[in-house]
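This report refers to the structure that appears directly beneath it.
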Amino acid sequence: MKVLFWVPYPTQGPSNRFRVEQYLPYLASRGIEYCLRPFWQDKAYAILFENGHYLKKIYYFVKGTLGRFKDLVNLSDYDIIFVHREAYPIGGALLESLVFKKKPLIYDFDDALFLTNPYSSTNRIANFLKSPGKTAKILKISSIVIAGNSYLKEYAMRFNKNATVIHTPIDSDRYAFSQKPINNSKVVIGWIGTYASSRYLGYYLDLFGKLIEKYGSGIEIRLVGSLNHGLKSRQLIYKKWALEEEVNDLQDFDIGIMPVVDDDWGKGKCAFKIIQYMAVGASVVASPIGMNKEIIRDGENGFLASGKEEWRRKISALIENRQLRNDFSLKGRETVEKFYSVKVMAPQFAGILERTYENRP
592 MKVLFWVPYP TQGPSNRFRV EQYLPYLASR GIEYCLRPFW QDKAYAILFE NGHYLKKIYY
652 FVKGTLGRFK DLVNLSDYDI IFVHREAYPI GGALLESLVF KKKPLIYDFD DALFLTNPYS
712 STNRIANFLK SPGKTAKILK ISSIVIAGNS YLKEYAMRFN KNATVIHTPI DSDRYAFSQK
772 PINNSKVVIG WIGTYASSRY LGYYLDLFGK LIEKYGSGIE IRLVGSLNHG LKSRQLIYKK
832 WALEEEVNDL QDFDIGIMPV VDDDWGKGKC AFKIIQYMAV GASVVASPIG MNKEIIRDGE
892 NGFLASGKEE WRRKISALIE NRQLRNDFSL KGRETVEKFY SVKVMAPQFA GILERTYENR
952 P
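Residue numbers (the numbering used here): 592 to 952.
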């Protein structure tokens with residue numbers, strides 16, 4: 592069996608890195624051959640979410656398009672076509688429609704792609720050209736659909752009854768548990784993500800200010816990969832995300848936060864930040880939205896917080912109580928190892944590929 596994986600981004604893209612690439616060594620161990628084809632290559636990804644660079648972006652777009660059509664020419668080399676999120680970044684489901692009659696099509700998605708992302712303001716031209724309606728078309732023609740959470744599965748089943756949930760897993764060996772030094776004088780409150788998702792943080796700037804005012808040099812708020820929201824303080828650090836530094840950045844966090852807005856886009860989020868934080872041993876505070884509520888048992892392996900006052904109170908409790916942080920840390924790691932590690936998810940993922948291959952026409 593040989594699988595063609597169509598993914599949007601190179602390894603730097605978190606979605607396909609965690610939902611596809613983490614599984615590849617395991618697939619190889621099961622004798623499954625594969626070819627990984629990102630639409631955007633490394634150099635394109637480096638400028639893709641920045642303003643400007645229009646000529647370069649057009650060049651890389653044409654290059655990605657030619658790569659996709661080269662794959663179509665060589666379609667007979669593959670037994671299964673696996674599409675993560677979308678095969679083509681703009682327009683309708685053209686490529687998916689071209690392949691599904693010839694090869695089994697597996698579709699995997701981990702966001703509410705059937706909606707326009709209300710928090711993305713970068714690349715407005717690209718956003719205008721995207722077609723959220725194509726998600727329904729892809730769902731209809733797929734042999735099987737893999738959804739990142741139950742909310743997305745419910746949507747998928749409107750169009751395709753052969754849908755299942757595989758949560759976004761984490762490599763629990765690579766994202767190793769980090770025991771915090773007892774003599775730490777500073778509690779690090781951390782967030783990691785993309786420019787688009789960092790817009791959730793804007794609502795909490797005054798909360799950050801109050802925490803800094805209360806605890807001073809006893810805390811540091813570290814935002815990795817975030818937009819600069821304008822709040823200035825020695826205790827507030829904006830750090831550029833880098834793949835090679837991601838694990839170390841996470842391991843530096845004592846407390847990891849995941850605020851989400853209670854809307855349909857928020858319900859489609861797969862709570863992966865929480866999984867990352869728990870894997871490395873950071874205590875977690877998150878909004879009680881969507882999948883966050885499935886992972887966190889409030890007061891046992893993390894905190895759920897709704898309004899700003901509850902956020903302030905629960906973060907403060909963790910800052911002031913090292914034992915509580917340690918308890919959440921151990922319970923969080925246990926949650927990840929039991930339910931959300933690659934070791935747990937990989938057999939399920941490989942099983943879907945193998946069953947699809949066995950049931951092909």
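Glycine included, C-beta positions come from ideal geometry on N, C-alpha and C.
Boundaries for A877: no alpha helix (DSSP H) harbours it, while the beta strand (DSSP E) harbouring it runs 874 to 877, taken from the DSSP string. Note on C626: under 16 other CB atoms within 10 angstroms of its CB, so exposed under the neighbour-count rule.
In the same chain as K694, and ignoring 5 residues on each side of it, the C-beta atoms closer than 6 Å to its own belong to I672, in chain order. Under the criterion of beta carbons closer than 8 Å, P629 and P601 qualify as touching, at roughly 5 Å.
Bounds of any alpha helix (DSSP H) do not take in F673; it lies within the beta strand (DSSP E) bounded by 671 to 675.
The alpha-carbon of M882 is positioned some 7 Å away from that of K858. The straight-line gap separating the alpha-carbon atoms of E901 and F691 is approximately 49 Å. By the 16-neighbour rule on beta-carbons within 10 angstroms, I649 is exposed. In the pairwise beta carbon analysis, the region 764 to 778 is classified as not touching the region 937 to 948: fewer than three pairs are separated by under 8 Å. When DSSP states are grouped into helix, strand and coil, S789 belongs to the helix group.
For K634, the number of other beta carbons within 10 angstroms of its own is below 16, and it is reported as exposed. In the three-state reduction of the DSSP assignment, D699 falls in the strand class, which pools E and B.
Comparing alpha-carbon positions, the option among R946, V933, N950 lying closest to Y617 turns out to be V933. V664 is classed as exposed because its beta carbon has fewer than 16 other beta carbons within 10 Å across all chains shown.
By the Cβ-count criterion, V778 is buried, with 16 or more other Cβ atoms from all chains shown falling within 10 Å of its own Cβ. When rounded, the separation of the alpha-carbon atoms in G622 and L944 is 12 Å. Here the C-alpha atom of P680 lies approximately 44 Å from the C-alpha atom of E804. Three or more Cβ pairs drawn from the region 822 to 842 and the region 870 to 887 lie within less than 8 Å of each other, which places the two stretches in contact. Between E641 and the set E891, L706, A787, A908, the nearest pair of CA atoms involves A787. The three-state secondary structure of G893, taken from DSSP, is strand. For Y625, DSSP records a beta bridge to V594. Residue range 633 to 639 is occupied by the alpha helix (DSSP H) that includes I638. Around the CB of S897, fewer than 16 other CB atoms lie within 10 Å, so the residue is classed as exposed. Per DSSP, reduced to three states, the secondary structure at G683 is coil, with no helix or strand assignment.
Here DSSP, grouped into helix, strand and coil, assigns S733 to coil.
Distances from the alpha-carbon of G655 to those of G793, Q632, Y669 put Q632 closest. Under the criterion of beta carbons closer than 8 Å, V653 and I761 do not qualify as touching, at roughly 35 Å. For Y742, the enclosing alpha helix (DSSP H) covers residues 741 to 747.
DSSP links G847 through a beta bridge to G781, V875. Of L818, V935, W832, L595, the smallest CA-CA separation from S763 is found for V935. With a contact defined as Cβ atoms closer than 8 Å, I783 and E811 miss out at about 14 Å. Excluding sequence positions up to five before and after Y651, its CB lies within less than 6 Å of the CB of A635, all in the same chain and listed in chain order. Going by beta carbons, A684 and L743 fall outside the 8 Å limit.
Following the DSSP letters along the chain, one finds T926 inside the alpha helix (DSSP H) bounded by residues 913 to 926.
Shown here, V935 sits in a helix according to DSSP, grouped into three states.
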